[in-house]
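Residue numbers (the working numbering): 1065 to 1291.
Let me begin by presenting the structure, written as structure tokens, before commenting on it.
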Ligand code: GDP
């Protein structure tokens, strides 16, 4: 759908609908350290990716209005897992009903001191997941506003492009830099996004700390779920 032709009223309605969904039940489903542990592909999935410390857990917690749904688990040496959360949706779903969609928290990457084996294991797990998951509707690629896109991010964007998984670039921690610097990073990120086959051309700027961009990101996620 083309956001460009949305009226302000449409936009406000979408934001409100998305807010309600994220205010509904959200529960941890499982961790998958390998593909054989993935849940049945019975609901659409939205996967979050980003370098360690990019603010991924904080963003998932801000989106879902929970303090500790997602926890930082990117310390080297820890098992690398895909964490799945069921988002039930609004309304009174019957017991055992399928979720509206699932949030997939992918293990962080780019930790400078990560042993080679771990990097390899990360690539295997993530690549297999990205390539083989028909229910994966969109990836949300997090980029730290202070740093912009780094080469490790480009490697992951290449994986997404190669797997033809559509993705959206989202700037995090935007409260940490000056407005003028943010505008420059946003512009550079958008220019790069437009050159990527599977990237959405528009970037969403967020701050989990200040709540900025959170309603818009919720709406963009729901739009991908129902697309
Ligand atoms: P993860 O490793 O990607 O899950 O990152 P975390 O969510 O654990 O965040 C890493 C650090 O950045 C923590 O100290 C957070 O408090 C901080 N952080 C995350 N998001 C924001 C934000 O929007 N603004 C500010 N100022 N700090 C943030």
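For every residue, glycine included, the Cβ atom is placed at its ideal position computed from N, Cα and C.
Given the structure is predicted, the values throughout are model-derived calculations rather than measurements.
Same chain, Cβ closer than 6 Å to residue 1205, neighbours up to 5 away in sequence not counted:
Here the question's residue 1205 lines up with position 141 in the chain shown. Contacts found: 1113, 1231 and 1233.
Any idea which residues DSSP pairs residue 1278 with across the strands?
Working through the chain shown from its first residue, we reach residue 1278 at position 214. Answer is none; residue 1278 lacks a bridge partner.
Which whole runs of the alpha helix (DSSP H) in the segment 1085-1152 are 4 residues long or more, in chain order?
Segments of the alpha helix (DSSP H) lying fully in the segment 1085-1152: 1120-1128.
In the structure shown, what three-state DSSP assignment does residue 1272 receive?
Within the chain shown, residue 1272 is the residue found at index 208, counting from 1. Three-state result, residue 1272: coil.
Given a cut-off of 8 Å, decide if residue 1146 and residue 1236 are closer than it, judged by their beta-carbon atoms.
One-based indexing of the chain shown puts residue 1236 at position 172. One-based indexing of the chain shown puts residue 1146 at position 82. Cβ atoms of residue 1236 and residue 1146: not closer than 8 Å.
C-beta atoms of residue 1241 and residue 1257 nearer than 8 Å
In the chain shown, counting from the first residue as 1, residue 1241 sits at position 177. In the chain shown, counting from the first residue as 1, residue 1257 sits at position 193. Taking 8 Å as the Cβ cut-off, residue 1241 and residue 1257 do not qualify as a contacting pair.
For ligand 1, any of its heavy atoms closer than 7 Å to the Cβ of residue 1212?
Against the chain shown, residue 1212 aligns to sequence position 148. It does not: the Cβ of residue 1212 is nowhere closer than 7 Å to a heavy atom of ligand 1.
Can you tell which of 1218, 1148 and 1153 has its C-alpha closest to the C-alpha of residue 1089?
As a first step, residue 1089 must be located in the chain shown, where it is residue number 25. Minimum Cα distance to residue 1089 is reached at 1153.
Do you know how far the Cα of residue 1173 is from the Cα of residue 1291?
Your numbering for residue 1291 matches position 227 in the chain shown. Your numbering for residue 1173 matches position 109 in the chain shown. When rounded, the distance between both Cα atoms is 29 Å.
Which whole-angstrom value describes the C-beta separation of residue 1254 and residue 1265, a residue pair presumed to lie in contact below a C-beta threshold of 8 Å?
Position 190 of the chain shown, counting from 1, holds the residue named residue 1254. Position 201 of the chain shown, counting from 1, holds the residue named residue 1265. Going by Cβ atoms, the distance from residue 1254 to residue 1265 rounds to 7 Å, so yes, they are a contact pair.
In DSSP terms, what residue 1236 is bridged to:
On the chain shown, residue 1236 is found 172 positions in, with the first residue counted as 1. In the DSSP assignment, the residues bridged to residue 1236 are 1208.
Rounding to the nearest angstrom, what Cα-Cα distance links residue 1071 and residue 1200 in this structure?
Taking the chain shown and counting its residues from 1, one reaches residue 1071 at position 7. Taking the chain shown and counting its residues from 1, one reaches residue 1200 at position 136. Going from the Cα of residue 1071 to the Cα of residue 1200 covers about 29 Å.
When DSSP builds the beta bridges, which residues end up paired with residue 1169?
The residue labelled residue 1169 in the question sits at position 105 within the chain shown. According to DSSP, residue 1169 shares a beta bridge with 1112 and 1147.
Between which residues of its own chain and residue 1164 is the CB-CB distance below 6 Å, once the five residues before and five after are set aside?
Sequence index remark: in the chain shown, residue 1164 carries index 100 (1-based). Within the same chain, residue 1164 has close Cβ partners 1151 and 1153.
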